[in-house]
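J.:
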Amino acid sequence: MKAETFLSDDYRPAEDEPFMNERQLEYFRRKLWTWKDEILEDSRETIEGLQDSTRNIPDVADRASEETDRALELRTRDRQRKLVAKIDAALRRIDEGEYGYCEVTGEPISLKRLDARPIATMSLEAQERHERREKVHRDD
Numbered sequence: 001m002k003a004e005t006f007l008s009d010d011y012r013p014a015e016d017e018p019f020m021n022e023r024q025l026e027y028f029r030r031k032l033w034t035w036k037d038e039i040l041e042d043s044r045e046t047i048e049g050l051q052d053s054t055r056n057i058p059d060v061a062d063r064a065s066e067e068t069d070r071a072l073e074l075r076t077r078d079r080q081r082k083l084v085a086k087i088d089a090a091l092r093r094i095d096e097g098e099y100g101y102c103e104v105t106g107e108p109i110s111l112k113r114l115d116a117r118p119i120a121t122m123s124l125e126a127q128e129r130h131e132r133r134e135k136v137h138r139d140d
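Numbered according to UniProt numbering, the sequence shown spans residues 1 to 140.
(1) Can you name the start and end residues of the alpha helix (DSSP H) that aspartate 115 belongs to?
(2) Would you say alanine 120 and arginine 113 are within 8 Å of each other, going by their C-beta atoms?
(3) Can you confirm whether the segment 69 to 80 touches the segment 102 to 110 when touching is taken to mean that 3 or more C-beta pairs between the two stretches lie within less than 8 Å?
(4) Which of the three DSSP states is assigned to tyrosine 27 in this structure?
(5) Taking just the CA atoms, how far does lysine 82 sit from methionine 1?
(6) Report yes if the C-beta distance between lysine 36 and isoleucine 94 is below 8 Å; otherwise report no.
(7) Which residues in the same chain have their Cβ closer than 8 Å to the Cβ of aspartate 10, if we skip the five residues on either side of it in sequence?
(8) For alanine 14, count the other beta carbons within 10 Å of its own beta carbon; 16 or more makes it buried, fewer makes it exposed. Which is it?
(9) Since serine 110 and leucine 91 should fall inside the 8 Å C-beta cutoff, what is the C-beta to C-beta distance between them, to a whole number of angstroms?
(10) If you drop the 5 nearest sequence neighbours on each side, which residues of the same chain put their C-beta closer than 6 Å to that of glutamate 22?
(11) What's the gap between the Cα of alanine 64 and the Cα of asparagine 56?
(12) Quick check on phenylalanine 19: buried or exposed, where buried means 16 or more other Cβ atoms within 10 Å of its Cβ?
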């Protein structure tokens, strides 16, 4: 069991420290865990809300509106379920020492990008190339 890394509440990874040192890894680990906990809490609240709102609505328009709202909420929760899987994968990469490096080029992903999108697996440049290729193939 490794010792817990101390981080002050105002710590932010900086470009002038060694890339993916223990403090940076702990910062991103905590950020990912917090994000995951928030998503799971929202999911619990949604499930409770959907269970509480199962009622018989006599007006067809009101019932259709409620069904649309429920379908939208379920789609949102499904996207969040997929996001939780990406968060879990990022946490695994931290444990395996692969976090923060582009899966395409092997180069470090910028700290700004990781702070904005901690589940990123590609550098900004690699992501842009990937999206351009997707667009080209989609246009065929």
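Think of the CB as a built atom: it goes at the ideal place given N, C-alpha and C, for glycine as much as any other residue.
T.: On the basis of the coordinates in this document:
(1) The count along the sequence shown starts at 1 and reaches residue 115 at position 115. Segment 111 to 116, the alpha helix (DSSP H) holding aspartate 115.
(2) To locate residue 120, count along the sequence shown from 1; it is residue 120. To locate residue 113, count along the sequence shown from 1; it is residue 113. Going by C-beta atoms, alanine 120 is nearer than 8 Å to arginine 113.
(3) With a cut-off of 8 Å, the segment 69 to 80 and the segment 102 to 110 do not count as touching, because too few Cβ pairs lie within range.
(4) By 1-based counting over the sequence shown, the position of residue 27 is 27. It is helical.
(5) Stepping through the sequence shown from its first residue, residue 1 is reached at position 1. Stepping through the sequence shown from its first residue, residue 82 is reached at position 82. A caution first: methionine 1 carries a pLDDT of 42, below 50, which makes its placement in the model too unreliable to give a value.
(6) Position 36 of the sequence shown, counted from the start, is the residue given in the question as residue 36. Position 94 of the sequence shown, counted from the start, is the residue given in the question as residue 94. The answer is no: Cβ separation not under 8 Å.
(7) Position 10 of the sequence shown, counting from 1, holds the residue named residue 10. When the five nearest sequence neighbours on each side are left out, no beta carbon in the same chain lies closer than 8 Å to the beta carbon of aspartate 10.
(8) For the purposes of this step, residue 14 is taken as residue 14 along the sequence shown, with counting starting at 1. Counting Cβ neighbours within 10 Å, alanine 14 comes out exposed, since fewer than 16 surround it.
(9) Walking along the sequence shown from the start, residue 110 turns up at place 110. Walking along the sequence shown from the start, residue 91 turns up at place 91. About 20 Å separates the two Cβ atoms, so there is no contact after all.
(10) Within the sequence shown, residue 22 is the residue found at index 22, counting from 1. Correct list, in chain order: Thr5.
(11) Stepping through the sequence shown from its first residue, residue 64 is reached at position 64. Stepping through the sequence shown from its first residue, residue 56 is reached at position 56. Going from the Cα of alanine 64 to the Cα of asparagine 56 covers about 12 Å.
(12) Taking the first residue of the sequence shown as position 1, residue 19 is located at position 19. Classification of phenylalanine 19: exposed, given that the 10 Å Cβ count is below 16.
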